[in-house]
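So in the numbering used here, spot 48 of the sequence shown is number 54, and the numbers just go up one at a time. Okay, structure first, notes after.
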Amino acid sequence: MLIDCHTHALRSPTVTRAGGSTCPTGEQLVGRLDDLGIDMAVVLPMVSPECRNRYSPPEDIVEIVAQWPDRLIPFCNLDPRAGSNSPETDFGRFLSVYVEMGCRGVGEVTGNLPFDHPKYWNLFRHIADHRLPMTIHIATNPDAGYGIYDDIGLPRLEKTLREFPDLSILGHSQAFWSEIGEVTGETRGGYPKGPVTPGRLVELFERYDNLWGDLSAGSGHNAISRDPDFGNQFLEQFADRLLFGTDISSAEYQPPMPDYFRSLRGVISDQAWEKIAWRNISELLGL
């Protein structure tokens, strides 16, 4: 069994990205899951303005998921500037409604503010109070692109993990996974190649039980495949907090993780493989 921790969908395609692609419809997403042999998938709304051509609010995701309740799992999402654009915004009134609608988590959180910004910590506090896991995208630039900004070495992520021990943070993006090894300012936002000397991310996984790894997209795949021996050791060591995923974001996207992860069957332990494939996400979301 495979449960994908990270996909996207739209009710209908309209404005495309600059390159011409757009997120799949629900029907297209389920078709891709069939093609890839994936049993179920989390669907993540898109609510922040950075680098988005079309919003996909939680209400739309809930409507999409309702058509395939045995295949799709809804998350909700919030931007820290929503409500009143204040560090005092009551996000509990949003989250209570979304939980009642069936949402199992929050994300992908992408607003381009620093990790320890008061507006973000206000949002994180409300998410933690509702006992919801949160998927994040980390960025390397505080003034361009999308994602929660952090410095090299992820010090703001560490402050957040320490401040909110009851908040399960599902890390994702190049800026997150590149720090599985040593990085420079030039390499941390990309896909570093070659042997891995354990980096800052390994230290954070060892230190904080509320840090999880979303292995989707090229960033997650690169992190565990660039140095297979190290990658397999990492998967075994942190098998309790790693999640299989694809980041399907268009009907044409060919994610690298499904084939690679299947190739690890018999390479890593069966127990670790099953946890990463579906058991962890099932337990985390109470499926």
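Every residue gets a Cβ at the ideal spot worked out from N, C-alpha and C, and that includes glycine.
Review point. According to DSSP, what are the bridge partners of Pro80?
Key: Your numbering for residue 80 matches position 74 in the sequence shown. DSSP, once it has assigned bridges, lists Val49 as partnering Pro80.
Review point. Quick one, which of Asp215, Ser90, Leu207 and Leu50 has its alpha-carbon nearest Asn128's?
Key: By one-based count along the sequence shown, residue 128 stands at place 122. Answer by Cα proximity: Ser90.
Exercise for review: Give me the Cα-Cα distance between Leu217 and Thr95, rounded to the nearest whole angstrom.
Suggested key: Counting from 1 along the sequence shown, the entry for residue 217 is found at position 211. Counting from 1 along the sequence shown, the entry for residue 95 is found at position 89. Within the model, the alpha-carbon separation for Leu217 versus Thr95 is close to 25 Å.
Practice item. Decide if Tyr61 is buried, meaning its Cβ has at least 16 other Cβ atoms within 10 Å, or exposed. Key: Position 55 of the sequence shown, counted from the start, is the residue given in the question as residue 61. Flag for Tyr61 reads exposed.
Check your understanding: Thinking just about the alpha-carbon of each residue, which of Glu212, Glu242, Glu33 and Pro55 is nearest to the one in Leu119?
Key -> For this step, residue 119 is matched to residue 113 along the sequence shown. Per the Cα distances, Pro55.
Check your understanding: Quick one: any contact between the region 204-216 and the region 251-268, if contact means 3 or more CB pairs under 8 Å?
Key -> Result no; under three Cβ-Cβ pairs closer than 8 Å.
Check your understanding: On the three-state DSSP scale, how would you describe Leu241?
Key -> Here residue 241 refers to the residue found at position 235 when the sequence shown is read from its first residue. Of the three classes helix, strand and coil, the one that applies to Leu241 here is helix, per DSSP.
Exercise for review: For the alpha helix (DSSP H) holding Trp183, just list the boundary residues, first then last.
Suggested key: For the purposes of this step, residue 183 is identified with residue 177 of the sequence shown, where counting begins at 1. First-last of the alpha helix (DSSP H) with Trp183: Gln180 to Trp183.
Check your understanding: Could you give the C-beta distance for Arg206 and Glu185, rounded to a whole number, given that I count them as a contact under 8 Å?
Key -> Here residue 206 is taken as the residue at index 200 of the sequence shown, counted from 1. Here residue 185 is taken as the residue at index 179 of the sequence shown, counted from 1. Rounded to whole angstroms, the Cβ separation of Arg206 and Glu185 is 5 Å, and the two are in contact under 8 Å.
**Study point:** Own chain, CB closer than 6 Å to Lys165, minus 5 neighbours either side, in chain order
**Key:** For the purposes of this step, residue 165 is taken as residue 159 along the sequence shown, with counting starting at 1. Same-chain partners within the cutoff: Asp122.
Review point. Which residue from Ala150, Val36, Leu16 and Tyr104 puts its Cα closest to that of Thr28?
Key: Taking the sequence shown and counting its residues from 1, the one referred to as residue 28 is at position 22. Looking at the Cα atoms, Leu16 is the closest of the given residues.
Check your understanding: Is the beta carbon of Arg137 less than 8 Å from the beta carbon of Leu291?
Key -> Counting from one through the sequence shown, the residue named residue 137 turns up at place 131. Counting from one through the sequence shown, the residue named residue 291 turns up at place 285. Taking 8 Å as the Cβ cut-off, Arg137 and Leu291 do not qualify as a contacting pair.
Check your understanding: By DSSP, does Tyr126 sit in helix, in strand, or in coil?
Key -> Counting from 1 along the sequence shown, the entry for residue 126 is found at position 120. Looking at Tyr126 - three-state DSSP - the assignment turns out to be helix.
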